[in-house]
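A quick write-up on the structure given underneath.
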Amino acid sequence: MSEEGNVKKFMFVNRKAPYGTIYALESLEVVLITAAFDQDVSLAFLDDGVYQLKKGQQTKGIETKNFSPTYRALEGYDIEKLYVEKESLEARGLTEDDLLVDVTVLGRKEMGELMGQQDVVLSF
Amino acid sequence: MKFGIVVNEGPYQHQASDSAYLFCKAALEKGHQIFRVFFYHDGVNNASRLTEPPQDDRNIVARWSKLAEEHKIDLVVCVAAALRRGIKEENLAPGFRISGLGQLVEAGIQADRLVTFGD
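Residue numbers (numbering that gives the first Met the number 0), protein chains in the order written: chain G, 0 to 123; chain F, 0 to 118.
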């Protein structure tokens with residue numbers, strides 16, 4: 000699968016809060032599989048999706064699994080392109096320091112341009 | 000053109016499956032190819048043969064099965080998402096098969112366009 004012609008640019012767009020719906024968790028499962036196929040993977044976080052990367056998540060009270068440590072493990076799968084939308088962070092009173100991994104913060108326009116460069120965009 | 004289709008929502012609750020079906024039909028009529036339809040998240044519920052809608056409503060599950068039979072379309076249900084929701088071989092509608100997420104990635108690689116239907 001790693002032949003030059005078979006590598007596509009996959010972007011996973013995460014727009015939803017980590018808990019409340021299963022989208023974020025099941026999105027991560029696709030991300031890991033896509034990396035195993037040696038594809039060019041990047042992740043974008045916007046809208047409530049920025050909460051997925053928030054430090055200090057505690058899920059005991061809602062009896063669901065805290066899967067946020069997985070984001071820190073992405074580096075081990077050579078997934079290092081994480082983009083967060085600036086406007087979404089600001090609207091929620093968050094800064095880069097509130098996030099549990101290193102990310103690139105992009106403005107809405109730049110994010111749009113980056114999406115335009117992808118071969119496959121999956122939005123969850 | 001060769002399309003890959005992703006359905007992320009269950010039948011009846013959400014329009015995603017209806018829209019995906021109508022899209023597939025329109026694409027086939029125009030001479031395009033559907034490489035695969037991949038069902039993920041609650042979309043796996045589209046594959047339950049236990050589904051019984053009222054007589055005067057469309058049968059979403061049977062409609063997919065018929066489309067698969069007539070056009071030899073590959074309908075793939077994600078195994079992890081399916082098991083979570085009680086979809087297994089024993090209650091799978093005709094034309095569907097259960098497989099892994101690799102099938103979704105492959106659809107992304109092989110298809111000219113991957114089109115997602117969901118929220």
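Beta carbons: idealized from backbone N, C-alpha and C, even for Gly.
C-alpha gap between residue i and residue j, whole angstroms
i, j, result
"G/L99", "G/K54", "5 Å"
"G/Y18", "G/L73", "19 Å"
"F/F37", "F/F2", "11 Å"
"G/A35", "G/Y76", "8 Å"
"F/I34", "G/Q116", "According to the sequence provided, residue 34 of chain F is Phe. The question's Ile does not apply to it. Those two C-alpha atoms are separated by around 23 Å."
"G/S1", "G/A43", "Confidence in G/S1 is poor, its pLDDT being 45 and thus under 50, which makes the residue's placement too unreliable to answer from."
"G/R91", "F/I97", "40 Å"
"G/E25", "F/Q54", "34 Å"
"F/R83", "F/A46", "14 Å"
"G/R71", "G/L81", "11 Å"
"F/D73", "G/S67", "34 Å"
"G/I61", "G/V49", "20 Å"
"F/K71", "F/Y20", "14 Å"
"F/I59", "F/E69", "15 Å"
"F/C23", "G/D118", "20 Å"
"G/E86", "F/E105", "33 Å"
"G/I21", "G/F123", "9 Å"
"G/M10", "F/H13", "25 Å"
"G/R107", "F/A61", "42 Å"
First through last residue of the beta strand (DSSP E) which encompasses residue i
i, result
"G/F9", "8-13"
"F/I4", "1-6"
"F/I97", "95-98"
"F/E114", "Going by the sequence as given, residue 114 of chain F is Val instead of Glu. Run containing F/V114: 112-116, per the beta strand (DSSP E) assignment."
"G/V40", "39-44"
Anticipated Cβ contact below 8 Å, residue i with residue j, distance rounded
i, j, result
"F/G117", "F/A15", "5 Å"
"F/V78", "F/G99", "6 Å"
"F/L103", "F/V5", "7 Å"
"G/L113", "G/L105", "7 Å"
"F/G9", "F/D41", "4 Å"
"F/G94", "F/W63", "7 Å"
Contact check, residue i vs residue j, beta carbons under 7 Å
i, j, result
"G/M110", "G/E84", "yes"
"G/Q51", "G/N65", "no"
"F/N7", "F/Y39", "yes"
"G/D47", "G/A23", "no"
"F/A80", "F/V43", "yes"
"G/V6", "G/Q38", "yes"
"G/I32", "F/G107", "no"
"G/L27", "G/T69", "yes"
"G/I78", "G/V40", "yes"
Residue i - containing alpha helix (DSSP H), residue span
i, result
"G/K85", "85-90"
"G/T69", "68-72"
"G/A23", "22-35"
"F/L103", "101-109"
Closer than 6 Å: residue i CB and nearest the ligand FAD heavy atom
i, result
"G/I78", "The ligand FAD is not part of the structure shown, which contains no ligands of any sort."
Note to self: At 4 residues or longer, what runs of the alpha helix (DSSP H) sit wholly inside the stretch 14-87 of chain F?
What the structure shows: DSSP runs (the alpha helix (DSSP H)) wholly in the stretch 14-87 of chain F: 15-28, 59-70, 78-83.
Notebook entry, point to check: Which whole runs of the beta strand (DSSP E) in the stretch 94-123 of chain G are 3 residues long or more, in chain order?
Noted result: Counting only runs of 3 or more residues that sit fully inside the stretch 94-123 of chain G, the beta strand (DSSP E) segments are 103-105, 119-122, in chain order.
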